[in-house]
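Student: In the numbering used here, the protein residues as written are 2 to 527.
Structure representation (structure tokens):
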């Protein structure tokens with residue numbers, strides 16, 4: 002017989018005996034089980050049922066034979082024994098990594114009370130993850146949980162998944178530790194972050210009656226939602242909360258003029274907006290003319306004649322890049338465009354050629370903004386290529402995503418690097434030999450064009466064996482005839498990643514002779 006705790010764990014009983022329990026003036030004989038638990042005693046359902054006891058939750062008491070006794074009258078009354086901890090938000094755990102995630106208490110807890118975080122058995126068995134035990138003090142409402150993913154695949158943990166339990170501990174039971182490693186935090190202090198210009202006015206006009214603490218909170222709120230504010234008069238946002246439609250009853254015939262004309266009172270506003278759109282195009286054209294490389298391209302395109310290579314070769318790499326795509330570049334309304342045609346030839350896109358000065362603005366709008374969503378390199382590059390084009394576009398997008406503070410703070414730790422290369426030590430002749438092919442060389446009168454060089458790591462003995470070709474069968478035969486049959490079978494043989502040494506024939510030879518085959522790493526022939 003075992004006792005199941007509130008956390009689902011099984012706690013075995015230490016022993017049992019017959020005891021007399023006193024309720025007021027009544028003496029009741031009952032079997033008592035002994036267990037290791039913090040409470041002084043628990044009346045089980047068997048005792049309450051056999052003795053016809055009634056539990057009155059409205060009065061928080063037990064009634065027995067017309068008499069009532071209050072419940073929960075032990076020294077730890079009113080304290081929470083333990084509570085469940087769930088994951089605060091959806092998290093992706095990279096393979097072979099340790100991540101600290103935020104958890105929240107599912108059950109009521111005493112704020113500021115020190116507790117011990119322990120894993121839930123069902124969570125560990127279901128996900129195959131490990132949770133480190135830790136002593137925490139949840140003052141801010143969040144409880145840190147250290148989760149270790151030892152597998153080779155990433156794991157996704159959904160929001161509100163119960164992962165651990167928090168059990169209160171006494172403060173006098175905690176001993177101070179001197180060996181403490183400081184862990185950096187990704188949180189930043191809002192007081193040290195400069196306020197962007199487009200929300201500085203909003204901040205200054207609303208802090209007159211706020212305290213210092215409220216000012217900091219207000220600044221954090223504005224910085225968090227800074228992309229929701231318009232940066233300029235031309236910065237117009239979009240929404241998907243409403244949808245506009247025109248009811249034509251399905252019988253309206255197509256006409257050249259739109260069914261809804263612009264009202265007279267709004268004609269001036271519409272013309273002003275059209276003028277603003279034209280002004281935006283003029284600003285882009287002005288930026289392109291101010292760019293040294295694009296200005297040169299625009300002047301050549303206006304002449305209508307493609308310059309010769311002798312004229313382009315002294316220019317920058319960007320000019321050569323655009324010159325190689327001369328047939329795809331067009332000037333429309335004084336703006337340089339790159340015409341992109343799909344591989345099937347059915348669709349085309351007109352991409353604006355962006356200058357060096359506008360790259361940061363374009364990437365911030367397509368990656369850092371609310372609609373950008375801080376996507377990865379591939380998705381951000383796909384969004385950029387839908388509208389814009391420039392030299393080294395992929396390189397700039399990858400660097401922007403790699404240097405984004407929000408993206409890097411959310412990513413998990415990098416994988417551990419490979420161990421550094423080291424010197425391989427040997428202690429006897431023929432413990433390890435090396436083999437490599439030299440050639441092609443001038444053909445000898447016997448028809449040999451290659452040399453198979455064999456060397457011993459310990460004695461430094463070296464031999465050069467002439468061979469006609471470097472096929473796997475030729476190399477294996479000469480190695481057996483000229484080395485192994487004379488000197489004996491070595492313990493290990495080392496080579497590069499040549500196809501003759503990695504072939505099935507060479508592997509079978511090593512297997513028959515009991516040779517341990519090793520090879521060099523890629524691009525490191527040492």
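Just so it is clear, CB atoms sit at the ideal spot from N, CA and C, and this is done for glycine as well.
Is the CB-CB distance between residue 36 and residue 15 below 8 Å?
Tutor: Your numbering for residue 36 matches position 35 in the chain shown. Your numbering for residue 15 matches position 14 in the chain shown. Closer than 8 Å, so yes.
Student: Which stretch, first to last residue, makes up the alpha helix (DSSP H) that contains residue 396?
Tutor: Residue numbering aside, residue 396 sits at position 395 when the chain shown is read from its first letter. Here the alpha helix (DSSP H) through residue 396 covers 394-404.
Student: According to DSSP, is residue 474 helix, strand or coil?
Tutor: The count along the chain shown starts at 1 and reaches residue 474 at position 473. Residue 474 falls in the helix class under three-state DSSP.
Student: Where residue 1 and residue 57 are concerned, what is the direct C-alpha to C-alpha distance, given to the nearest angstrom?
Tutor: Nothing can be reported for residue 1: it is not among the residues displayed for the chain, which extend from 2 to 527.
Student: Compute the Euclidean distance between the alpha carbons of residue 432 and residue 493, then round it to the nearest angstrom.
Tutor: Looking up residue 432 in the chain shown gives position 431. Looking up residue 493 in the chain shown gives position 492. Distance between the alpha carbons of residue 432 and residue 493 is about 6 Å.
Student: Please work out which residues of its chain come closer than 6 Å, Cβ to Cβ, to residue 511, disregarding the five sequence neighbours upstream and downstream, and give them in chain order.
Tutor: On the chain shown, residue 511 is found 510 positions in, with the first residue counted as 1. Same-chain partners within the cutoff: 518.
Student: Rounded to the nearest angstrom, how far is the Cβ of residue 226 from that of residue 199, given a contact under 8 Å?
Tutor: Residue numbering aside, residue 226 sits at position 225 when the chain shown is read from its first letter. Residue numbering aside, residue 199 sits at position 198 when the chain shown is read from its first letter. Not really, about 12 Å apart at Cβ, beyond 8 Å.
Student: With DSSP run on the structure shown, which of helix, strand or coil describes residue 335?
Tutor: Here residue 335 is taken as the residue at index 334 of the chain shown, counted from 1. Coil.
Student: Between which two residues does the alpha helix (DSSP H) holding residue 128 run?
Tutor: In the chain shown, the residue the question calls residue 128 occupies position 127. Looking at the DSSP string, the run of the alpha helix (DSSP H) that includes residue 128 is 122-128.
Student: Taking residue 24 as the reference, give the member of 49, 451, 17 with the closest Cα.
Tutor: For the purposes of this step, residue 24 is taken as the residue at position 23 of the chain shown. Residue 49 is the option with its Cα nearest to residue 24.
Student: Could you tell me the alpha carbon to alpha carbon distance between residue 359 and residue 286, rounded to whole angstroms?
Tutor: Counted from its first residue, the chain shown places residue 359 at position 358. Counted from its first residue, the chain shown places residue 286 at position 285. Whole-angstrom Cα-Cα distance: 12 Å.
Student: Classify residue 243 as buried or exposed, calling it buried when 16 or more other Cβ atoms lie within 10 Å of its own Cβ.
Tutor: What you label residue 243 is simply residue 242 of the chain shown in a count that begins at 1. Counting Cβ neighbours within 10 Å, residue 243 comes out exposed, since fewer than 16 surround it.
Student: Any idea which residues DSSP pairs residue 154 with across the strands?
Tutor: Translated into positions along the chain shown, residue 154 becomes position 153. Answer by DSSP bridge pairing: none, since residue 154 is not bridged.
Student: Would you decide whether residue 116 is buried or exposed? Buried here means 16 or more other CB atoms lie within 10 Å of its CB.
Tutor: Taking the chain shown and counting its residues from 1, one reaches residue 116 at position 115. Its Cβ being crowded by 16 or more others within 10 Å, residue 116 is buried.
Student: Relative to the alpha-carbon of residue 353, which residue among 90, 361, 385 has its alpha-carbon at the smallest distance?
Tutor: As a first step, residue 353 must be located in the chain shown, where it is residue number 352. Comparing Cα positions, the closest option is 385.
Student: Looking at the structure shown, is residue 363 part of a helix, part of a strand, or coil, going by DSSP?
Tutor: For the purposes of this step, residue 363 is taken as the residue at position 362 of the chain shown. Residue 363 falls in the helix class under three-state DSSP.
Student: Taking only three categories from DSSP, how would you classify residue 357?
Tutor: Residue numbering aside, residue 357 sits at position 356 when the chain shown is read from its first letter. Residue state, collapsed to three classes: helix.
Student: Where does residue 372 fall in DSSP's three states?
Tutor: Within the chain shown, numbered from 1, the residue matching residue 372 stands at position 371. Here residue 372 sits in coil by DSSP.
Student: Measuring alpha carbon to alpha carbon, tell me which residue in 322, 100, 478, 203 is nearest residue 148.
Tutor: The residue labelled residue 148 in the question sits at position 147 within the chain shown. Residue 148 has its Cα closest to that of 100, out of 322, 100, 478, 203.
Student: Just to confirm before moving on: does the CB-CB distance between residue 434 and residue 453 stay below 8 Å?
Tutor: Residue 434 sits at position 433 when you count from the first residue of the chain shown. Residue 453 sits at position 452 when you count from the first residue of the chain shown. Cβ atoms of residue 434 and residue 453: not closer than 8 Å.
Student: Does DSSP put residue 165 in a helix, in a strand, or in coil?
Tutor: The residue you call residue 165 lines up with position 164 of the chain shown. If DSSP states are grouped into helix, strand and coil, residue 165 belongs with the strands.
Student: Taking C-alpha atoms, which residue in 338, 307, 315, 412 lies nearest to residue 325?
Tutor: Looking up residue 325 in the chain shown gives position 324. Here the closest residue by C-alpha is 307.
Student: Restricting to Cα atoms, I'd like to know which of 485, 448, 475 is closest to residue 457.
Tutor: Residue mapping note: residue 457 aligns to position 456 of the chain shown, counting from 1. Nearest option by C-alpha distance: 485.
Student: Could you give the DSSP three-state label for residue 187: helix, strand or coil?
Tutor: Along the chain shown, read from residue 1 onward, the residue named residue 187 stands at position 186. Confidence at residue 187 is low in this model, with a pLDDT of 48, below 50, so the placement of that residue is unreliable and no value is reported for it.
Student: Just checking, does the segment 341-353 make contact with the segment 306-320 on the three C-beta pairs under 8 Å criterion?
Tutor: Cβ pair count under 8 Å is below three, so no.
Student: Can you tell me whether DSSP reads residue 452 as helix, strand or coil?
Tutor: Position 451 of the chain shown, counted from the start, is the residue given in the question as residue 452. Strand, per DSSP.
Student: Are the CB atoms of residue 105 and residue 165 nearer to each other than 8 Å?
Tutor: Taking the first residue of the chain shown as 1, we reach residue 105 at position 104. Taking the first residue of the chain shown as 1, we reach residue 165 at position 164. Not closer than 8 Å, so no.
Student: Let me know if residue 381 comes out buried or exposed under the rule of 16 or more other beta-carbons within 10 Å of its beta-carbon.
Tutor: Within the chain shown, the letter at position 380 stands for residue 381. Counting Cβ neighbours within 10 Å, residue 381 comes out buried, since at least 16 surround it.
Student: CB residue 469 to CB residue 483, shorter than 8 Å?
Tutor: Locating residue 469 in the chain shown gives position 468, counting from the first residue. Locating residue 483 in the chain shown gives position 482, counting from the first residue. Their beta carbons are not under 8 Å apart, which means residue 469 does not touch residue 483 by this criterion.
Student: Quick check on residue 300: does DSSP put it in helix, strand or coil?
Tutor: The residue given as residue 300 occupies position 299 in the chain shown. Three-state result, residue 300: helix.
Student: Kindly indicate which three-state DSSP category residue 65 falls into: helix, strand or coil?
Tutor: Counting from one through the chain shown, the residue named residue 65 turns up at place 64. In the structure shown, residue 65 sits in a strand (DSSP, three-state: E or B).
Student: How about residue 84 and residue 109: do their beta carbons lie closer than 8 Å?
Tutor: Residue mapping note: residue 84 aligns to position 83 of the chain shown, counting from 1. Residue mapping note: residue 109 aligns to position 108 of the chain shown, counting from 1. In this structure, residue 109 lies closer than 8 Å to residue 84 by Cβ.
Student: Between 332, 288, 376, 366, which lies nearest to residue 304 when the distance is taken from Cα to Cα?
Tutor: Against the chain shown, residue 304 aligns to sequence position 303. When only C-alpha atoms are compared, the closest one is 332.
Student: Answer with buried or exposed for residue 411, where buried requires no fewer than 16 other C-beta atoms within 10 angstroms of its C-beta.
Tutor: The residue given as residue 411 occupies position 410 in the chain shown. With fewer than 16 Cβ atoms within 10 Å of its Cβ, residue 411 is classed as exposed.
Student: Is the beta carbon of residue 103 closer than 8 Å to that of residue 150?
Tutor: By 1-based counting over the chain shown, the position of residue 150 is 149. By 1-based counting over the chain shown, the position of residue 103 is 102. Taking 8 Å as the Cβ cut-off, residue 150 and residue 103 do not qualify as a contacting pair.
Student: Please return the same chain residues whose Cβ sits closer than 6 Å to the Cβ of residue 464, not counting the five positions on each side in sequence.
Tutor: Counting from one through the chain shown, the residue named residue 464 turns up at place 463. Result list for residue 464: 455, in chain order.
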